[in-house]
Amino acid sequence: MPTVLDTRIQNRFRVQPNHANNNATLHGGTLMKWLDEVGAMSAMRFAGETCVTARVNELDFERPIRIGDTALVEAYVYDSGRTSVHVALRAWREEPRSGETERTTASSFTFVAIDEDNTPVPVPELSAETEEGEQLRERALAADY
Ligand SMILES: CCCCCCCCCCCCCCCC(=O)SCCNC(=O)CCNC(=O)[C@H](O)C(C)(C)COP(=O)(O)OP(=O)(O)OC[C@H]1O[C@@H](n2cnc3c(N)ncnc32)[C@H](O)[C@@H]1OP(=O)(O)O
Numbered sequence: 001m002p003t004v005l006d007t008r009i010q011n012r013f014r015v016q017p018n019h020a021n022n023n024a025t026l027h028g029g030t031l032m033k034w035l036d037e038v039g040a041m042s043a044m045r046f047a048g049e050t051c052v053t054a055r056v057n058e059l060d061f062e063r064p065i066r067i068g069d070t071a072l073v074e075a076y077v078y079d080s081g082r083t084s085v086h087v088a089l090r091a092w093r094e095e096p097r098s099g100e101t102e103r104t105t106a107s108s109f110t111f112v113a114i115d116e117d118n119t120p121v122p123v124p125e126l127s128a129e130t131e132e133g134e135q136l137r138e139r140a141l142a143a144d145y
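Numbering of the sequence shown is given in UniProt numbering, commencing with residue 1 and proceeding in unit increments.
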């Protein structure tokens with residue numbers, strides 16, 4: 001039975017001028033793409049199957065990420081259904097020299113595990129196991145991803 005912490009994946013992206021919007025900050029669509037990529041990795045680690053994005057739940061752009069910052073994206077599975085996988089997503093801007101971070105974004109995406117014919121397939125049960133896993137799960141269920 002996979003645990004919440006087994007599914008926790010972080011990735012960093014260097015925010016370059018070609019990622020900018022007209023405000024010279026990171027384009028929200030680019031960030032959504034990065035959230036989707038890291039979220040899918042987390043869902044697949046949990047399911048042991050290919051997963052596709054079925055739904056982008058609420059997505060809050062709380063703070064901008066500047067060009068030259070590092071975008072730190074974290075995903076973990078906090079709930080599952082028969083074939084669906086619910087992934088909490090958060091992003092931070094990270095100052096590359098100091099490592100200082102500020103949370104910028106919170107969301108959750110729903111993925112569905114599928115077979116080679118694109119038919120939904122069952123996923124395992126999720127275990128919190130540790131206190132940290134339980135805290136992450138509770139935070140996401142309370143919608144503070
Ligand atoms: C470069 C800069 C440019 C920027 C520009 C912006 C970029 C911004 C990027 C954003 C990122 C977007 C995301 C892209 C990432 C891909 O490109 S992935 C490809 C896009 N996704 C797809 O093509 C999936 C299309 N959908 C499907 O194939 C089918 O609906 C699915 C998901 C396989 C489900 O099949 P189904 O026949 O509906 O299955 P069904 O048995 O009814 O339901 C199965 C389960 O799915 C759940 N489910 C089905 N539909 C949904 C739904 N809509 N919501 C929630 N759950 C659902 C059901 O509740 C059920 O759950 P369980 O009870 O089993 O746990």
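Glycine residues also receive a C-beta, built at the ideal position from the N, C-alpha and C atoms. All figures in this text were calculated on a predicted structure; none of them were measured in a lab.
query, result
"Measuring only the C-alpha atoms, how far is A106 from P122?", "27 Å"
"Can you tell me whether S127 is helix, strand or coil according to DSSP?", "strand"
"Tell me the residue span of the beta strand (DSSP E) that contains T93.", "In the sequence under discussion, the amino acid at residue 93 is Arg, which differs from the Thr named in the question. That run of the beta strand (DSSP E) goes 84–94."
"Is the number of C-beta pairs between the segment 111–120 and the segment 68–75 that are closer than 8 Å three or more?", "no"
"Does the distance between the C-beta of N22 and the nearest non-hydrogen atom of ligand 1 fall short of 8 Å?", "no"
"Closer than 5 Å is what we want: which residues have a beta carbon that near any heavy atom of ligand 1? List them in chain order.", "G29, T30, M32, K33, D36, V52, T53, A54, R55, G81, R82, T83, S84, T110, V112, P120"
"Buried or exposed, going by whether 16 or more other CB atoms sit within 10 Å of the CB of E58?", "exposed"
"For D60, collect the residues of the same chain with a Cβ closer than 8 Å to its Cβ; drop the 5 residues on either side in sequence, then sort them by chain order.", "T105, A106, S107"
"Does the beta-carbon of D69 have 16 or more other beta-carbons within 10 angstroms, so that it is buried, or is it exposed?", "buried"
"If you follow the beta strand (DSSP E) that L72 is in, where does it begin and where does it stop?", "70–80"
"How many Å lie between N11 and E37 at the Cα?", "10 Å"
"Along the beta strand (DSSP E) that carries A113, what are the first and last residues, could you check?", "101–114"
"Going by the CB atoms, is the gap between L126 and residue 164 shorter than 9 Å?", "The requested residue 164 does not occur in the structure, where the chain is confined to residues 1 to 145."
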